[in-house]
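A.B. asks:
In the UniProt record's numbering, the protein residues as written are 1 to 125.
1. Counting pairs of beta carbons, one from the segment 25 to 41 and one from the segment 62 to 74, are three or more of them closer than 8 angstroms?
2. So, helix, strand or coil for residue 87, using DSSP?
3. For residue 148, tell me which candidate among 4, 55, 1, 67 has the shortest Cα-Cα distance.
4. When the distance is taken between beta carbons, is residue 42 closer than 8 angstroms to residue 76?
5. Quick one: what's got a C-beta closer than 6 angstroms to residue 3's C-beta in the same chain, skipping five residues either side?
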């Protein structure tokens with residue numbers, strides 16, 4: 001049973017790394033979010049992958065800062081805020097019901113607020 005659970009976490013971690021790699025190529029698909037989730041899943045069943053992600057030259061520091069401090073770099077906050085705002089604009093231009101548009105806009109507004117209340121650390125740490 002233990003081996004099955006470990007295999008489950010490895011498969012999930014590998015899938016998340018794969019989606020993160022696609023995010024490197026596709027604009028609008030967040031890379032770091034998927035790598036954060038992959039590192040968490042890897043901690044459950046694939047310690048070598050977790051260590052590799054934590055020491056990755058491009059994304060390791062961001063993952064470690066999130067784990068240790070819950071921090072989000074300012075550049076990521078700005079980019080996420082712009083993308084969320086653009087998504088809200090497209091949402092309001094859609095033919096969805098007014099209440100769905102309003103509800104989603106409120107939720108996304110709270111996401112932006114939460115994001116900006118996260119601490120910031122420079123990526124030079």
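Yeah, the Cβ is synthetic: ideal placement off N, Cα and C, and Gly gets one too.
On a predicted model such as this, the values are computed, not experimentally measured, just so you know.
C.D. replies: On the basis of the coordinates in this document:
1. yes
2. Locating residue 87 in the chain shown gives position 87, where the first residue counts as 1. DSSP places residue 87 in helix when its eight states are reduced to three.
3. Past the boundaries of the shown model lies residue 148; the chain is included only from 1 to 125, so the question cannot be answered.
4. As a position in the chain shown, residue 76 is number 76, starting the count at 1. As a position in the chain shown, residue 42 is number 42, starting the count at 1. Not closer than 8 angstroms, so no.
5. Counting from one through the chain shown, the residue named residue 3 turns up at place 3. Same-chain partners within the cutoff: there are none.
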